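Report on one structure; see the data block that follows.
Residue numbers (the numbering used here): 16 to 462.
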């Protein structure tokens, strides 16, 4: 007995949604019961790599792409139900987008089927993709992921993306200022925003304007490809933002306002002040520090802060040591190189209520020296209860810092030291256990 065919259409379509769409459509040959079932699939995910895997003898790349395009067109033409997710991934976009430009009509067709989730993904192409105008006014669209250079007309008199809650975009040297300066300000219910931009053109300037009353999570990635200028600007205004992650190897200028609800911040900034001095990228040389301080001043409400070694190196370009106060911060994660050993006391002095911290030693050589500050930061005396140190090699400056922290952390409950492979030894552990401890209840774990 064919029991599976007796199941309701909704269940059968749910089962088929776990198959590649090409295989799901092929079930139409099983019986009359299955002939039109594929026309009600809730998820339409197209990937041309399946067509290239089944490439026929003597068939050209263009022939494969034509078959793929015809398949997508046919599925959309006969589709009879609403679409939950519509995605297209092209592994041969350079040929595909120049010879076959139906992507705009495909997206428009998905919108007409009340699509909720759209994802368009291509490997790198030097082509600007035009999206349909009705994408802005789609009332059902909740998630939009665009991994390609795109453009569309943003209406000035209508509400745009009325239901969009999640927006992820990836662009190579954005061509349209309308997209970078307006798109991220017009989504009335947006909660999750991810922007990844590859900055290739050293002669153009990209200005990002991110302004939202509903945004809760923001991830921003700025990648410098070859050479890029340092005049790019990012403006962020989001009073309900809770999570902020910035990955930046260009060191752009930030203007941050009204981030009243922050709880977690991750900054991964790549910057080498000696390399920057050699290239004379910044004039005057204190610009990197000024930019990082401007960024830090805008996020002082956060409770969790993660800082890369690059941001510490940029702060070391300042004419004087200064870090804004973070009155609510309770957890700090920091990567330290040469600059970090000098600025760590300055950072700790600006965190009056710090309760736990994680310090990751990066490889910096064995010729550094830890210099004790004149005054012990108040957070060590009153609040810090847990310290975790990673990348420990037992070098002199590392031992000096561990010794200082154990001695001056008067309420410390636990210090965890994670050593580099090959650095762990019984003799080194015994040496650590002999260090003076300011807290009588402190336990030391050496891993």
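Using N, Cα and C, we set each Cβ at its ideal position, and we do this for glycine too.
Please read all numbers here as calculations on a predicted model, not as lab measurements.
Same chain, Cβ closer than 7 Å to residue i, five either side skipped, listed in chain order
i           : result
residue 400 : 370, 371, 426, 427 and 428
residue 310 : 269 and 271
residue 413 : 376 and 407
residue 155 : 129, 130, 131 and 178
residue 358 : 327, 330, 331 and 336
residue 316 : 274, 275, 277 and 343
residue 48  : 20
Nonlocal neighbours in the same chain, by C-beta distance under 6 Å from residue i, ignoring five residues either side
i           : result
residue 272 : 252
residue 44  : none
residue 2   : The displayed coordinates of the chain run from 16 to 462. Any statement about residue 2 would go beyond what the structure contains.
residue 103 : 61 and 135
residue 113 : Confidence at residue 113 is low in this model, with a pLDDT of 47, below 50, so its placement is unreliable and the value that follows should be read with caution. No residues qualify anywhere along the chain.
residue 120 : none
residue 225 : 199 and 251
residue 457 : 427
residue 403 : 373 and 431
residue 451 : 422
residue 175 : 151 and 201
residue 395 : 423 and 424
residue 263 : 237 and 284
Strand pairing of residue i, partner residues [DSSP]
i           : result
residue 433 : 405
residue 249 : 223 and 269
residue 144 : 165
residue 209 : 183 and 234
residue 24  : Its beta-bridge partners do not exist; DSSP assigns none.
residue 337 : Its beta-bridge partners do not exist; DSSP assigns none.
residue 371 : 346 and 401
residue 460 : 431
residue 133 : 101 and 159
residue 319 : 279 and 346
residue 214 : 239
residue 376 : 351
Residue span of the alpha helix (DSSP H) that contains residue i, given as start and end
i           : result
residue 356 : 353-364
residue 327 : 324-330
residue 125 : 118-127
residue 307 : 302-312
residue 415 : 411-423
residue 19  : Element bounds for residue 19: n/a, residue is neither H nor E.
residue 85  : 76-93
residue 96  : Residue 96 -> no alpha helix (DSSP H), and no H or E assigned at all.
residue 443 : 441-448
residue 40  : 36-41
Residue i: first and last residue of the uninterrupted beta strand (DSSP E) it sits in
i           : result
residue 232 : 232-239
residue 59  : 58-62
residue 283 : 279-284
residue 260 : 258-263
Beta carbon of residue i nearer than 8 Å to that of residue j
i           : j           : result
residue 406 : residue 444 : no
residue 159 : residue 137 : no
residue 206 : residue 231 : yes
residue 94  : residue 128 : yes
residue 256 : residue 228 : no
residue 56  : residue 21  : no
residue 368 : residue 343 : yes
residue 481 : residue 186 : The structure shown does not extend to residue 481, since the chain spans only 16 to 462, so no value can be given for it.
residue 177 : residue 147 : no
residue 432 : residue 415 : no
residue 365 : residue 339 : yes
residue 123 : residue 64  : no
residue 125 : residue 86  : no
residue 90  : residue 118 : no
residue 237 : residue 208 : no
residue 258 : residue 279 : yes
residue 320 : residue 341 : yes
residue 166 : residue 143 : yes
residue 157 : residue 180 : yes
residue 221 : residue 239 : no
residue 323 : residue 305 : no
Chain-order list of residues whose beta-carbon lies under 8 Å from that of residue i (same chain, five-residue window excluded)
i           : result
residue 41  : none
residue 69  : none
residue 435 : 406, 407 and 408
residue 254 : 228, 273, 274, 275 and 276
residue 294 : Bear in mind that the predicted position of residue 294 carries a pLDDT of just 44, short of 50, making it unreliable; the figure below should be weighed with that in mind. Here the set comprises nothing.
residue 418 : 450 and 451
beta-carbon residue i near the ligand FAD non-hydrogen atom, thresh 7 Å
i           : result
residue 400 : As for the ligand FAD, it is missing from this structure, which has no ligand bound.
**Prompt:** Is there contact here, the region 276-286 with the region 319-331, by at least three beta-carbon pairs under 8 Å?
**Reply:** yes
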